[in-house]
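*Asks:* 8 is the number of the first residue of the sequence shown in our numbering; add one for each residue after it.
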Amino acid sequence: MTMDAAVDTGAVNPDPPTARLSSDQRPVVLDVKNVSLSFGGVKAIQDVSFDIRKGEVRAIIGPNGAGKTSMLNVINGFYHPQHGTITWHGQERKQMRPHIAATQGIARTFQNVALFQGMSTLDNIMSGRSLKMKSNFLFQLIHYGPARNEEIEHRRKVEEIIDFLEIQAIRRTPVGRLPYGLKKRVELGRALAMEPELLLLDEPMAGMNLEEKEDMSRFIIDVNDQFGTTIALIEHDMGVVMDLSDRVVVLDHGELIADGTPNEVQANQNVIDAYLGVAH
Ligand SMILES: Nc1ncnc2c1ncn2[C@@H]1O[C@H](COP(=O)(O)OP(=O)(O)OP(=O)(O)O)[C@@H](O)[C@H]1O
Ligand SMILES: [Mg+2]
8 MTMDAAVDTG AVNPDPPTAR LSSDQRPVVL DVKNVSLSFG GVKAIQDVSF
58 DIRKGEVRAI IGPNGAGKTS MLNVINGFYH PQHGTITWHG QERKQMRPHI
108 AATQGIARTF QNVALFQGMS TLDNIMSGRS LKMKSNFLFQ LIHYGPARNE
158 EIEHRRKVEE IIDFLEIQAI RRTPVGRLPY GLKKRVELGR ALAMEPELLL
208 LDEPMAGMNL EEKEDMSRFI IDVNDQFGTT IALIEHDMGV VMDLSDRVVV
258 LDHGELIADG TPNEVQANQN VIDAYLGVAH
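#1: Look up residue 110 in the DSSP assignment and say whether it is helix, strand or coil.
#2: What residues come near ligand 2, if near means a beta carbon less than 7 Å from any of its heavy atoms?
#3: Nearest-angstrom Cα distance between residue 84 and residue 245?
#4: Let me know the secondary structure DSSP gives residue 259 once reduced to three states.
#5: For residue 162 and residue 265, what's the separation of their Cα atoms in angstroms?
#6: Tell me whether residue 51, by its Cβ, gets closer than 7 Å to a heavy atom of ligand 1.
#7: Is it the case that the CB of residue 91 approaches a heavy atom of ligand 4 more closely than 7 Å?
#8: If we require 4 or more residues per run, which alpha helix (DSSP H) segments fall completely within the stretch 190-253?
#9: Output the boundary residues of the alpha helix (DSSP H) element that contains residue 281.
#10: Less than 8 Å between C-beta atoms, sequence neighbours within five positions excluded: which residues of the same chain meet that for residue 215?
#11: Do residue 259 and residue 76 have their beta-carbon atoms positioned less than 8 Å apart in this structure?
#12: Excluding the 5 residues preceding and the 5 following residue 282 in the sequence, name in chain order all residues of the same chain whose CB lies nearer than 6 Å to its CB.
#13: Within the continuous beta strand (DSSP E) that includes residue 131, where are the two ends?
#14: Given 7 Å as the limit, tell me if residue 188 has its C-beta closer than that to any heavy atom belonging to ligand 1.
#15: Is residue 268 helix, strand or coil when you go by DSSP?
#16: Just to check my reading of the structure: residue 56 and residue 35 have Cβ atoms closer than 8 Å, yes? What is that Cβ distance to the nearest angstrom?
#17: What is the DSSP secondary structure of residue 8, reduced to helix, strand or coil?
#18: What I want to know is whether the C-beta of residue 46 ends up closer than 7 Å to one or more non-hydrogen atoms of ligand 1.
#19: Which runs of the alpha helix (DSSP H) at least 4 residues long sit entirely within the stretch 70-105? Give them in chain order.
#20: Just to confirm, does residue 281 get its C-beta within under 7 Å of one of the non-hydrogen atoms of ligand 1?
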């Protein structure tokens, strides 16, 4: 029996797997500088600055009402801060709207699942492709050639995501009938359908049991590893934060009280006080 010489070279692999880059070796993709946001008299975010680097998993933590969701809303253009700047790939953004953020590569999931409950898993994830579709809906209705080809390509991508998230068995199930953990997974699928460069996840594991949390953690790690997607993640479970994140921003009453590696922030006295509810 002959062996394929091209395959069996017997040589030592010249490219052993490289160690994961530490955050400070990566370029900054998003820079939040001196951002403040108020709702009437409520100061949701006060003079907060931090950055997100390419390919890292960045956690945003803090007690309830700390301003975490507001911060994601500022990053993806839902809210416009009264003060400060957001810089994306070196370009300062003004008055950016969420759909523009999405076309620029920023996608997100929500604290409360926001899916089309009557639609199937497949169609919900497909809806994440809409920003990538050149042909409009009417165009597609008459199955004009190019639109048809485009739709086939979108369906192929969506099927890939369904395989990746291991949700083949529920592809035709209306999302409203799914248990909570799977709804969250479908929501992740819809965000992935946008093929984002930066993925914002607002408490992706809230309300999940241990097994569902482990599954979701694994998918988040795989998205980061396999697609190179940069991830900003709000999470309350410190165990999850310690496992997943490269760096952590801690907010409390709208202010940034710590920024560092999981070990650094966990040992930070301000953070311990904030979580224990020590008065300011
Ligand atoms: N649209 C809004 N209108 C008025 N106040 C708001 C609005 N959104 C947030 N706030 C207020 O801003 C503050 C920060 O809220 P935010 O939702 O960002 O906190 P959070 O850290 O995400 O909290 P949680 O852990 O409970 O989700 C809170 O006092 C909240 O009541
Ligand atoms: Mg929140």
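The beta-carbon is built from N, C-alpha and C at its ideal position, and this holds for glycine as well.
The structure displayed is predicted, hence computed values, not measured ones.
*Replies:* Well, looking at it:
#1: Start at 1 with the first residue of the sequence shown, and residue 110 comes out as number 103. Helix, per DSSP.
#2: 75, 76, 118, 209, 210, 241
#3: On the sequence shown, position 77 is the one that residue 84 refers to. On the sequence shown, position 238 is the one that residue 245 refers to. Distance between the alpha carbons of residue 84 and residue 245 is about 28 Å.
#4: Taking the sequence shown and counting its residues from 1, the one referred to as residue 259 is at position 252. Strand.
#5: For the purposes of this step, residue 162 is taken as residue 155 along the sequence shown, with counting starting at 1. For the purposes of this step, residue 265 is taken as residue 258 along the sequence shown, with counting starting at 1. Between residue 162 and residue 265, the C-alpha separation is close to 43 Å.
#6: As a position in the sequence shown, residue 51 is number 44, starting the count at 1. Under cutoff, so the answer is yes.
#7: Only ligand 1 and ligand 2 can be found as ligands here, which leaves ligand 4 out of the picture.
#8: 217-234, 245-251
#9: The sequence position of residue 281 within the sequence shown is 274, counting from 1. Run containing residue 281: 276-283, per the alpha helix (DSSP H) assignment.
#10: Within the sequence shown, the letter at position 208 stands for residue 215. If we look at residue 215 and ignore the five residues flanking it on each side, its Cβ neighbours are 187, 188, 191, 223.
#11: As a first step, residue 76 must be located in the sequence shown, where it is residue number 69. As a first step, residue 259 must be located in the sequence shown, where it is residue number 252. Not a contact, by the Cβ cut-off of 8 Å.
#12: Indexing the sequence shown from 1 puts residue 282 at position 275. Cβ neighbours of residue 282 beyond the five flanking positions: none.
#13: As a first step, residue 131 must be located in the sequence shown, where it is residue number 124. Per DSSP, residue 131 belongs to no beta strand (DSSP E); it is in the alpha helix (DSSP H), 128-134.
#14: Against the sequence shown, residue 188 aligns to sequence position 181. For ligand 1, not one heavy atom lies less than 7 Å from the Cβ of residue 188.
#15: Counting from one through the sequence shown, the residue named residue 268 turns up at place 261. Residue state, collapsed to three classes: coil.
#16: In the sequence shown, counting from the first residue as 1, residue 56 sits at position 49. In the sequence shown, counting from the first residue as 1, residue 35 sits at position 28. At roughly 12 Å, the Cβ-Cβ gap does not stay under 8 Å, so residue 56 and residue 35 are not in contact.
#17: The residue you call residue 8 lines up with position 1 of the sequence shown. Reliability fails at residue 8, whose pLDDT of 40 lies under 50, so the model's placement of it is uncertain and no value is given.
#18: Taking the first residue of the sequence shown as position 1, residue 46 is located at position 39. Yes; taking the cut-off as 7 Å, the Cβ of residue 46 has a heavy atom of ligand 1 nearer than that.
#19: 75-82
#20: Position 274 of the sequence shown, counting from 1, holds the residue named residue 281. No; taking the cut-off as 7 Å, the Cβ of residue 281 has no heavy atom of ligand 1 nearer than that.
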